[in-house]
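Only one structure is covered here, and it is reproduced in the block below.
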Amino acid sequence: MSVATLEQRAVSPAAEEAGRIVVKDVNRIFRQEAGPDVIALDQVNLEIEPGKFYSLLGPSGCGKSTLLRNIAGLDHVTSGEITLDGEVIDGPHFLRGLVFQQPTLFPWKTIEQNVATGLEARGILKEKGHEVQEYIRLVGLEGFEKVYPHQVSGGMAQRASLARALVNHPKVLLMDEPLGALDAFTRMQMQEEILRIWQDRGTTIVFVTHDIDEAVYLSDKIVIMTPRPGKIQEVIDVPIGRPRNRNHPDFWRIRSHILKIFGFSPEHAESYQI
Ligand SMILES: Nc1ncnc2c1ncn2[C@@H]1O[C@H](COP(=O)(O)OP(=O)(O)OP(=O)(O)O)[C@@H](O)[C@H]1O
Ligand SMILES: [Mg+2]
Numbered sequence: 046m047s048v049a050t051l052e053q054r055a056v057s058p059a060a061e062e063a064g065r066i067v068v069k070d071v072n073r074i075f076r077q078e079a080g081p082d083v084i085a086l087d088q089v090n091l092e093i094e095p096g097k098f099y100s101l102l103g104p105s106g107c108g109k110s111t112l113l114r115n116i117a118g119l120d121h122v123t124s125g126e127i128t129l130d131g132e133v134i135d136g137p138h139f140l141r142g143l144v145f146q147q148p149t150l151f152p153w154k155t156i157e158q159n160v161a162t163g164l165e166a167r168g169i170l171k172e173k174g175h176e177v178q179e180y181i182r183l184v185g186l187e188g189f190e191k192v193y194p195h196q197v198s199g200g201m202a203q204r205a206s207l208a209r210a211l212v213n214h215p216k217v218l219l220m221d222e223p224l225g226a227l228d229a230f231t232r233m234q235m236q237e238e239i240l241r242i243w244q245d246r247g248t249t250i251v252f253v254t255h256d257i258d259e260a261v262y263l264s265d266k267i268v269i270m271t272p273r274p275g276k277i278q279e280v281i282d283v284p285i286g287r288p289r290n291r292n293h294p295d296f297w298r299i300r301s302h303i304l305k306i307f308g309f310s311p312e313h314a315e316s317y318q319i
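Using our numbering, the letters of the sequence shown correspond one by one to residues 46 to 319.
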């Protein structure tokens, strides 16, 4: 499929009908040999609507990565269940694409070979290999196909990780602080890229962040989590049109509401990282 076709798909409301995640009565307890058990997720219930952009926001240790890893199938719930389009998640699958804070590219493979990894593993590289180039172009890495990860910047490596997940046409894109290691400028550029790709593809996104502004800028819904035990405190709707203006009164209103949840005074908070 060409990039032009991808863009056409984006304007079609039926682009992606699937990608509904349901988290039902989920508990995840880490038993420790020394010390008390850690309740990383305590009775978590959440319905993630298809094609929407969700952020998981909360302080360190509130269970964001644990929830994401369980949706990814990389960890197993202690009780409860998580389904994707009605099917119980019990292991990793290419339909749930993953992007982590540090790009996890293979250092001995070129950018192109890295992006092709999933197709190769699934034995469909011959048939679908032409899409590797299309996704490299989609994330703006044209011209860098033959270089190795150590020869590109952190932002470019992160784009390659994104292309590697997207080439599999995932129903869901799971991102754990994907922009956390980037400088402020690259981070804002990448926010735009992710929004553009999301609008093209219609994929459900679950995006973990500590950054309140980032969550308000990107998300349809913000899931506020609180630690010890890890719980969902509130799901906040962000009914602001796109492209968003970070200085719009509605943006400030939602940001202030979130700051108050975490006990900060909006007038005096110098940083919007939690
Ligand atoms: N494999 C593990 N063994 C024991 N405890 C764990 C394990 N993984 C996570 N935990 C504990 O579960 C809780 C939630 O951890 P998690 O990594 O999900 O938090 P987080 O919200 O992603 O934090 P951060 O923002 O720092 O990345 C923490 O108290 C953590 O110490
Ligand atoms: Mg984490």
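Glycine is no exception: its CB is placed at the ideal position from the N, C-alpha and C atoms.
Exercise. What alpha helix (DSSP H) runs, 4 residues minimum, are completely inside the region 154-190?
Worked result: 156-160, 162-166, 170-173, 175-183
Problem set entry | Among ARG241, LYS305, LEU211, nearest to VAL264 - alpha-carbon criterion | By one-based count along the sequence shown, residue 264 stands at place 219. Sequence inspection shows Ser at residue 264; the Val mentioned does not correspond to that position. Closest by alpha carbon: ARG241.
Problem set entry | Proximity to PHE139 [Cα-Cα], best of ALA210, TRP297, GLY174, PRO223 | Against the sequence shown, residue 139 aligns to sequence position 94. With distances taken between Cα atoms, PHE139 lies closest to ALA210.
For this session: For SER100, name the three-state secondary structure that DSSP assigns.
Result: Locating residue 100 in the sequence shown gives position 55, counting from the first residue. DSSP places SER100 in strand when its eight states are reduced to three.
Exercise. So MET201 packs on LEU186, CB below 8 Å; how close in whole Å?
Worked result: Here residue 201 is taken as the residue at index 156 of the sequence shown, counted from 1. Here residue 186 is taken as the residue at index 141 of the sequence shown, counted from 1. That pair is a contact at about 6 Å.
Exercise. If you draw a straight line from the alpha carbon of ARG291 to that of VAL261, how long is it in whole angstroms?
Worked result: Position 246 of the sequence shown, counted from the first residue, corresponds to residue 291. Position 216 of the sequence shown, counted from the first residue, corresponds to residue 261. When rounded, the distance between both Cα atoms is 9 Å.
For this session: Could you spell out where the beta strand (DSSP E) holding ALA85 opens and where it closes?
Result: The count along the sequence shown starts at 1 and reaches residue 85 at position 40. From DSSP, the beta strand (DSSP E) with ALA85 extends over 83-93.
Exercise. Mapping DSSP to helix, strand and coil, what is LYS266?
Worked result: Mapped onto the sequence shown, residue 266 falls at position 221. Looking at LYS266 - three-state DSSP - the assignment turns out to be strand.
For this session: Less than 8 Å between the CB atoms is what I'm expecting for ALA161 and LEU183, so what's the real figure, rounded?
Result: Walking along the sequence shown from the start, residue 161 turns up at place 116. Walking along the sequence shown from the start, residue 183 turns up at place 138. With 8 Å as the limit, ALA161 and LEU183 do not qualify as a contact, their Cβ atoms being about 15 Å apart.
For this session: Considering only heavy atoms of ligand 2, list every residue whose Cβ is less than 7 Å from one of them, following chain order.
Result: LYS109, SER110, ASP221, GLU222, VAL253
Exercise. Rounded to a whole number of angstroms, what is the C-alpha to C-alpha distance between ASN72 and ASP130?
Worked result: Position 27 of the sequence shown, counting from 1, holds the residue named residue 72. Position 85 of the sequence shown, counting from 1, holds the residue named residue 130. Cα to Cα, ASN72 sits roughly 21 Å from ASP130.
Exercise. Would the C-beta of MET235 count as close to ligand 1, meaning under 8 Å from any of its heavy atoms?
Worked result: On the sequence shown, residue 235 is found 190 positions in, with the first residue counted as 1. The answer is no for MET235.
Exercise. LEU101 and VAL251: beta carbons closer than 9 Å?
Worked result: On the sequence shown, position 56 is the one that residue 101 refers to. On the sequence shown, position 206 is the one that residue 251 refers to. A contact, by the Cβ cut-off of 9 Å.
For this session: Determine the closest residue to ASN213 out of ASP256, ARG167, PRO223, with distance taken between C-alpha atoms.
Result: Translated into the one-based positions of the sequence shown, residue 213 becomes position 168. Nearest of ASP256, ARG167, PRO223 to ASN213, Cα basis: ARG167.
Exercise. Residues bridged to SER301 by DSSP?
Worked result: Taking the sequence shown and counting its residues from 1, the one referred to as residue 301 is at position 256. None; SER301 has no bridge partner.
Problem set entry | Any non-hydrogen atom of ligand 1 closer than 8 Å to VAL83 Cβ | Position 38 of the sequence shown, counted from the start, is the residue given in the question as residue 83. Yes, since a heavy atom of ligand 1 falls inside the 8 Å radius drawn around the Cβ of VAL83.
Exercise. Excluding sequence positions up to five away, which residues of its chain have a Cβ less than 8 Å from the Cβ of HIS195?
Worked result: The residue labelled residue 195 in the question sits at position 150 within the sequence shown. For HIS195, where only same-chain residues beyond five positions count, the Cβ hits under 8 Å are PRO152.
Exercise. Among LYS154, GLY136, TYR99, which one has its Cα closest to the Cα of GLY247?
Worked result: By one-based count along the sequence shown, residue 247 stands at place 202. Selected option, being the one with the closest Cα: TYR99.
For this session: Give me whichever residues DSSP pairs with ASN72 in a beta bridge.
Result: Reading the sequence shown from its first residue, position 27 is the one you call residue 72. According to DSSP, ASN72 bridges with SER124.
Exercise. Beta carbon of ARG273: closer than 8 Å to some heavy atom of ligand 1?
Worked result: Residue numbering aside, residue 273 sits at position 228 when the sequence shown is read from its first letter. Yes, Cβ of ARG273 sits closer than 8 Å to a heavy atom of ligand 1.
Problem set entry | DSSP three-state assignment for LYS216, whether helix, strand or coil | Within the sequence shown, the letter at position 171 stands for residue 216. The answer is coil: DSSP assigns LYS216 none of H, G, I, E or B.
For this session: List the DSSP bridge partners of ILE116.
Result: As a first step, residue 116 must be located in the sequence shown, where it is residue number 71. ILE116 is not bridged to any residue.
Exercise. What residues are listed by DSSP as bridge partners for ILE250?
Worked result: Translated into positions along the sequence shown, residue 250 becomes position 205. According to DSSP, ILE250 bridges with PHE98, LEU218.
Exercise. From GLN158 to ALA205, what does the alpha carbon distance come to, in whole angstroms?
Worked result: Taking the first residue of the sequence shown as position 1, residue 158 is located at position 113. Taking the first residue of the sequence shown as position 1, residue 205 is located at position 160. Spanning the two alpha carbons is a distance of roughly 10 Å.
Problem set entry | Span separating the alpha-carbon of LEU143 from that of PRO137 | Position 98 of the sequence shown, counted from the first residue, corresponds to residue 143. Position 92 of the sequence shown, counted from the first residue, corresponds to residue 137. Whole-angstrom Cα-Cα distance: 10 Å.
Problem set entry | Boundaries of the alpha helix (DSSP H) in which LEU207 is found, first to last residue | Working through the sequence shown from its first residue, we reach residue 207 at position 162. It spans 199-211 - the alpha helix (DSSP H) in which LEU207 sits, taken as one unbroken run.
Exercise. Buried or exposed: which applies to LEU51, given that a residue is buried once 16 or more other Cβ atoms fall within 10 Å of its Cβ?
Worked result: Along the sequence shown, read from residue 1 onward, the residue named residue 51 stands at position 6. Because the pLDDT at LEU51 is just 42, under 50, the model does not fix this residue reliably, and the point stays unresolved.
Exercise. Hey, how far is the Cα of VAL192 from the Cα of ASN90?
Worked result: Translated into positions along the sequence shown, residue 192 becomes position 147. Translated into positions along the sequence shown, residue 90 becomes position 45. When rounded, the distance between both Cα atoms is 44 Å.
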